[in-house]
Each structure stands twice: as C-alpha cells, then as structure tokens.
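Written out below as structure tokens is the structure these notes cover.
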Amino acid sequence: MAGTWLLGAGAETSRQRPTAVLVAVREDDGAGGNGPGSEVSLEELRRLADTDGLNVADAVVQHRPKPDPATFLGSGKVDELAAATERAGAELVIADGELSPGQVRNLEERVGVRVVDRTALILDIFAEHARTSEGRVQVELAQIAYQLPRLRGDGRSMSRVGGGRVAGGAGIGVRGPGEMRLETQRRTLRQRATRLRRNAGELARRRERTRGRRARNQIPSVSITGYTNAGKSALLNRLTGADAQVQDVLFATLDPTVRRISTGELTYTVTDTVGFVRHLPHQLVDAFRSTLDEVTRSDLAMHVVDASAPDAFGQITTVHGVLHEIGAGQVPELLVLNKIDIAQPEWVDALCRAYPDAVPVSALTGAGIDELRRTLARRLAGR
C-alpha cells in the first residue's frame with residue numbers, strides 16, 4: 001500500500017486503495033501520434049502504481065514537443081486533468097516523468113490534489129519492499145536525496161514572510177518563521193543522511209569482506225541481472241533450490257540473495273540483484289551502488305529477459321544502459337530468455353535471431369534449465 005511518503009503526512013489511512021490519475025507528455029512522432037515506446041511507458045507506470053497499492057482511474061496524455069516548464073502540461077490540458085481528477089475522486093496525480101518543484105507546486109494549485117512524479121512512485125515502492133537493514137538504509141538515502149531540493153512551504157505557516165519594510169523595517173534578508181522551519185528541515189535531513197551514509201559504509205565494508213573471502217577461495221561468481229519482473233528470483237530458485245521471494249509485481253526483490261551451486265568439480269555462487277526499469281531514478285542508482293557492485297565484481301552477468309514482454313528488445317537496451325552507468329558494461333554477459341512457456345514463438349525466434357548465444361528457458365516449467373547449467377559451467381570454466 002502506498003505510504004505517507006507518497007500520499008503526504010496528512011493522508012487518511014483507509015482499507016481502500018487510494019485513487020490516482022496518470023499524466024504524461026509525449027513528443028509528437030511527426031505524424032500526430034505517439035513517440036516510440038510511449039504506450040509501453042504509460043502501461044509500465046500503471047503497473048508501478050498497482051504495485052504500490054494505487055487504483056488508476058484515468059490517464060491524461062498531451063502531445064507536445066516538450067513539457068511546459070511551469071505546469072508540465074499546457075493550460076488547457078491542466079484544466080482537463082483537474083476535471084478528470086474531480087470526476088474520479090482521485091487523491092493523487094502521478095506524472096510519467098520527473099517534475100521540478102515548481103511544476104509540482106503549480107499543478108497542485110490548479111488540480112487541488114497531491115502531485116508526484118515517476119521517481120517518487122518508484123522510491124515509495126522500494127521503501128515498501130526493502131527488508132534488510134542495508135536495503136532500508138539505501139532506500140532512505142535515496143528518498144532524502146530526492147526530497148532535499150524539493151522542500152517547500154505548505155501554506156502560510158511555511159511561507160517566507162521576512163524582507164524589507166514588511167518585516168518591521170528590519171531590512172532585506174530577514175528570515176520569517178516559515179523559512180527558518182525549512183532550514184531546520186533541511187538541516188535535519190542532512191544530519192540524518194550523514195548518519196545513514198556512515199551506516200551504509202559499514203554495511204558496504206561487510207559486503208566487501210564477504211566478496212574478499214569468495215575471491216580468496218577462488219569461487220567464481222554469477223550475478224543475475226535484468227529488467228524488473230523478468231523472473232530473476234524464480235530462475236534463482238530453479239537453479240539452486242533457493243526460496244527467494246517470487247511475486248508478479250515490479251521490484252518484488254530488492255535485497256541481494258546469494259546461493260552456491262556445485263556441478264561436478266565446479267562450484268560457483270549465484271547472486272540475485274535488484275531489477276531495473278525505464279528511467280530508474282539516479283538517486284537509487286547512487287544509493288544502491290554497493291549492492292549493484294555485485295554485478296561489477298562478478299565473473300559473469302546472467303541477464304534475464306522476459307521473452308513474453310512485447311517490449312523485450314527495449315528492456316534489454318534499458319538494462320544495458322544501467323549496466324554501463326554502474327561500470328558493469330565490460331562484465332561478460334549471458335543472455336537468458338525466460339518465460340518461453342507463455343511467450344509467443346515468433347517473439348522467441350526473433351530474440352534468438354538477434355542474440356544467437358542466448359539460452360531460452362522457463363523458470364516455471366524447468367524447460368532449458370539443464371542447458372543453462374551446462375552453459376554456465378562452460379562459460380565459467382573458460383573465464
């Protein structure tokens with residue numbers, strides 16, 4: 001269920017799922033239609049909202065060269081959004097993109113409900129799904145990094161009232177109670193971030209010691225990476241007999257799970273890592289860098305792809321982009337096409353033609369798993 005971090009501290013708790021309206025700006029493709037991947041991106045935003053316990057009632061999409069710098073949408077579309085929000089009785093508007101503080105403020109004034117962006121939604125999901133102390137520390141650090149530049153007043157009590165003769169002749173630069181409260185909030189958040197970074201540093205050192213022990217014992221390592229909900233945890237369970245959490249939701253697994261596999265004379269570890277998504281917030285990439293180092297330090301990255309996804313090629317490109325961003329672009333890769341039991345055969349054939357070294361499998365039925373084990377052993381033996 002969406003938390004108060006997303007809905008606001010004054011949100012009323014209810015057993016019902018809060019209602020949201022989605023809003024997106026799409027670049028015109030030259031023929032008056034959607035740009036590439038626009039429908040996929042909006043559908044993914046729906047799934048993200050559903051994962052966070054929200055009920056999506058409507059979506060407002062505007063085609064324009066770029067978002068309006070003041071209100072994200074054009075003035076007429078803002079009126080349409082306000083009408084859709086009132087009609088649906090929505091408590092939240094979610095933008096498919098990252099909003100500036102000014103855009104959030106202006107939209108909220110025009111629409112009359114809380115407005116958040118894609119980044120805030122993903123951060124809220126991560127906060128809900130983090131289970132270990134390391135995961136919770138990393139998520140909170142990402143939330144603070146996102147929140148600090150967006151602190152703003154909330155009505156008169158948080159507005160700046162000082163300055164010039166208005167402040168009793170005290171002169172320009174006098175701070176009113178609202179500004180002082182904002183500074184207090186900023187200082188509190190920075191102090192909290194300092195403590196969290198200290199904790200994160202100690203947790204990272206522990207993880208490094210564990211990696212060091214594996215390296216000294218000359219145990220090869222495989223990191224499972226890929227788009228969120230591609231079936232990474234299910235594949236880990238199938239390969240190792242582990243009991244990693246498996247759910248048909250986005251970002252079900254955030255905390256790394258390490259298991260050992262022995263095949264003949266070869267023993268190696270397999271680590272399940274956090275999944276990626278389009279426009280993964282840079283705050284999360286920075287906060288989870290120590291966890292993502294599992295990929296950069298591994299001998300082989302097993303890139304799991306949902307072969308049943310209509311945008312499987314786009315998902316592969318997204319994952320490759322994030323891997324390069326975290327410095328794992330040079331790690332040897334093994335592409336694994338999962339969910340072939342439900343994928344359309346022509347889609348699987350197209351992926352196999354594009355990636356001839358890929359291994360088609362089904363973590364659910366076990367199809368192709370023996371071939372995957374042999375391929376892993378062969379790749380690791382020749383590393």
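Those letters in the sequence shown? Residues 1 to 383, per the UniProt record's numbering, in order. Each residue gets a CB set at the ideal place from its N, CA and C atoms; glycine is no exception. These numbers come from a predicted model, not from an experiment.
Give the secondary structure of residue i by DSSP, where H, G and I count as helix, E and B as strand, and everything else as coil.
i, result
"tyrosine 146", "helix"
"arginine 374", "helix"
"arginine 260", "strand"
"valine 104", "helix"
"proline 345", "helix"
"valine 277", "coil"
"valine 93", "strand"
"leucine 151", "coil"
"arginine 26", "strand"
"aspartate 52", "coil"
"valine 174", "Legend: pLDDT at valine 174 = 43, less than 50; position of this residue unreliable, value from coordinates given subsequently. It is coil, neither helix nor strand."
"aspartate 68", "strand"
"leucine 235", "helix"
"leucine 266", "strand"
"phenylalanine 288", "coil"
"aspartate 79", "helix"
"glutamine 218", "coil"
"aspartate 293", "helix"
"isoleucine 326", "coil"
"leucine 73", "coil"
"glutamine 191", "helix"
Per DSSP, which residues does residue i bridge with? Please list them.
i, result
"glycine 226", "Val304"
"aspartate 58", "Val21"
"alanine 127", "The partner list for alanine 127 (beta bridge, DSSP) is empty, contrary to what the question assumes."
"threonine 271", "Ser223, Val258"
"asparagine 338", "Asp306"
"glutamate 333", "Ala301"
"proline 360", "Leu337"
"aspartate 117", "Ala95"
"histidine 63", "Arg26"
Taking all protein chains shown into account, decide if residue i is buried (16 or more other Cβ within 10 angstroms of its Cβ) or exposed.
i, result
"glycine 112", "exposed"
"glutamine 103", "buried"
"aspartate 311", "buried"
"glycine 241", "exposed"
"glutamine 283", "buried"
"aspartate 357", "exposed"
"glutamate 86", "exposed"
"threonine 349", "Looking at the sequence itself, residue 349 is aspartate, so the reference to threonine does not match. By the neighbour-count rule (16 or more Cβ atoms within 10 Å), aspartate 349 is not buried but exposed."
"alanine 234", "buried"
"residue 384", "Given that the chain is displayed from residue 1 to residue 383, the structure contains no residue 384 and the question cannot be resolved."
"aspartate 79", "exposed"
"threonine 51", "buried"
"serine 75", "exposed"
"serine 362", "buried"
What number of angstroms, rounded off, separates the C-alpha of residue i from the C-alpha of residue j?
i, j, result
"leucine 7", "alanine 120", "10 Å"
"glutamate 27", "phenylalanine 72", "13 Å"
"arginine 206", "glutamine 147", "28 Å"
"glycine 53", "asparagine 229", "17 Å"
"alanine 95", "valine 305", "27 Å"
"aspartate 341", "threonine 365", "7 Å"
"alanine 307", "aspartate 58", "29 Å"
"arginine 131", "glutamine 138", "11 Å"
"valine 40", "alanine 309", "10 Å"
"residue 404", "glutamate 371", "In the structure as shown, the chain starts at 1 and stops at 383, and residue 404 therefore has no counterpart that could be examined."
"residue 393", "glutamate 265", "The requested residue 393 does not occur in the structure, where the chain is confined to residues 1 to 383."
"aspartate 272", "phenylalanine 288", "14 Å"
"leucine 239", "leucine 334", "15 Å"
"residue 411", "valine 295", "A question about residue 411 goes unanswered here, because the residues of the chain that appear run from 1 up to 383."
"glycine 173", "threonine 188", "Reliability of the predicted coordinates at glycine 173 is poor, the pLDDT of 45 falling under 50, and the value obtained from them is presented with this limitation in mind. Distance between the alpha carbons of glycine 173 and threonine 188 is about 22 Å."
"histidine 129", "leucine 280", "16 Å"
"leucine 380", "aspartate 299", "7 Å"
"isoleucine 326", "valine 60", "34 Å"
"threonine 184", "arginine 192", "12 Å"
"tyrosine 81", "arginine 150", "Note on identity: in this sequence residue 81 is leucine, with tyrosine being the wrong assignment. Spanning the two alpha carbons is a distance of roughly 23 Å."
"valine 274", "lysine 339", "19 Å"
"isoleucine 369", "isoleucine 125", "31 Å"
From this set, the options, which residue's C-alpha is nearest residue i's C-alpha?
i, options, result
"leucine 141", "Gln103, Asn199, Thr273, Asp96", "Asn199"
"alanine 301", "Phe288, Val270, Val277", "Val270"
"threonine 263", "Ala84, Gly76, Thr375", "Thr375"
"residue 384", "Leu337, His303, Asn338, Ala309", "Past the edges of the chain, shown from 1 to 383, lies residue 384, and the structure says nothing about it."
"histidine 320", "Arg114, Val277, Phe288, Ser362", "Val277"
"lysine 66", "Asn55, Val25, Leu48, Gly89", "Val25"
"alanine 84", "Asp124, Ile224, Ala20, Arg136", "Ala20"
"leucine 22", "Asp117, Arg87, Arg64", "Asp117"
"asparagine 237", "Ile261, Ala354, Arg64, Ser100", "Ile261"
"serine 221", "Ala377, Ile326, Asp50, Val60", "Ala377"
"serine 223", "His279, Arg297, Arg150, Leu182", "Arg297"
"leucine 48", "Ala70, Gln16, Arg105, Ile122", "Ile122"
"leucine 42", "Gly97, Arg259, Pro360", "Gly97"
Does the ligand COA have even one heavy atom less than 7 Å from the beta-carbon of residue i?
i, result
"alanine 367", "No copy of the ligand COA appears in this structure; indeed no ligand is present at all."
Could one say the Cβ of residue i lies closer than 8 Å to chain D's Cβ atoms, at least one of them?
i, result
"alanine 381", "Chain labels in this structure do not include chain D; a single protein chain is all it has."
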